[in-house]
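Here is the structure we will look at.
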Amino acid sequence: DLYQKNKQIIISSDRPPKAIPTIEDRLRSRFECGMIADISAPDLETRIAIIGAKLIEKAYQLEDEIINLIATSIQSNIREIEGAINRIIAYHELKKEKPTMETVKPILSSLINLPRKGSITPKIITEIVAEYFDIAINDILGSCRKKELVVPRQIIMFLMREELNYSFPNIGSELGGRDHTTAMHAHNKIKNKMLDDEKLKQDVILLKQKIFNLA
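This note's numbering applies: residue 236 is where the sequence shown begins, and numbers increase by one.
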């Protein structure tokens with residue numbers, strides 16, 4: 236039905252259609268008549284381009300030699316590359332220092348050599364923010380509109396978007412089933428307010444550091 240309606244279907248697999256024994260012949264032939272692309276790990280040039288794009292997105296600058304260092308140190312996982320960029324930015328904004336090879340190398344070394352304590356999740360972000368502001372998680376997930384709850388709640392939504400790249404509907408769902416427009420407003424509110432609110436900016440940087448320490 237989808238084929239007859241000229242709909243597009245994207246299917247991912249670790250092998251080509253002819254090497255999948257469990258699908259019917261008619262489906263296999265249908266899949267083989269479409270475009271088949273082998274998605275491999277990005278090469279050095281691609282990783283450098285990805286890092287450049289992420290830095291533009293975050294409005295942050297790194298020297299070319301630092302970008303090359305990141306690209307050569309982390310080769311397999313784009314999420315790890317973005318995590319390294321986030322950690323480098325958070326560290327140097329907290330220290331109010333310009334990134335150098337000497338300050339970046341220990342950060343990358345810790346990412347490569349230390350065992351992971353666990354991946355970042357919405358639950359971890361929520362717990363860290365709640366502890367930081369000394370408020371109950373149930374209050375954050377609730378509907379109370381007091382300022383002391385609204386701002387931490389908005390920060391959580393901002394961090395879920397920035398660090399997990401969650402969609403706004405998913406963020407709203409994690410925060411007590413809120414509408415996606417609420418999550419979108421919260422993200423924009425914190426992002427814009429950080430431009431002229433130094434206290435808020437420092438709070439977010441410290442929270443990122445706490446989150447990264449668990450990643």
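Positions of the beta carbon are idealized from the N, C-alpha and C atoms, including for glycine.
Everything numeric in this text was worked out from a predicted model, so none of it was measured.
In terms of Cα proximity to D369, the closest of L279, L376, P387, I359 is P387. By the neighbour-count criterion, in which 16 or more other beta carbons inside 10 Å mark a residue as buried, Q389 falls on the buried side.
Counting along the chain, the unbroken alpha helix (DSSP H) around P357 starts and ends at 357–368. Take the alpha-carbon of S402 and the one of I301: they are about 30 Å apart. The alpha-carbon separation between A306 and D278 amounts to approximately 9 Å. Classified as exposed, N312 has fewer than 16 neighbouring CB atoms from the shown chains inside 10 Å of its CB. Comparing C-alpha distances from I360 to each of K289, L442, R263 shows the shortest one belongs to L442. The three-state secondary structure of L297, taken from DSSP, is coil. N241 has its alpha-carbon roughly 45 Å from the corresponding atom of G377.
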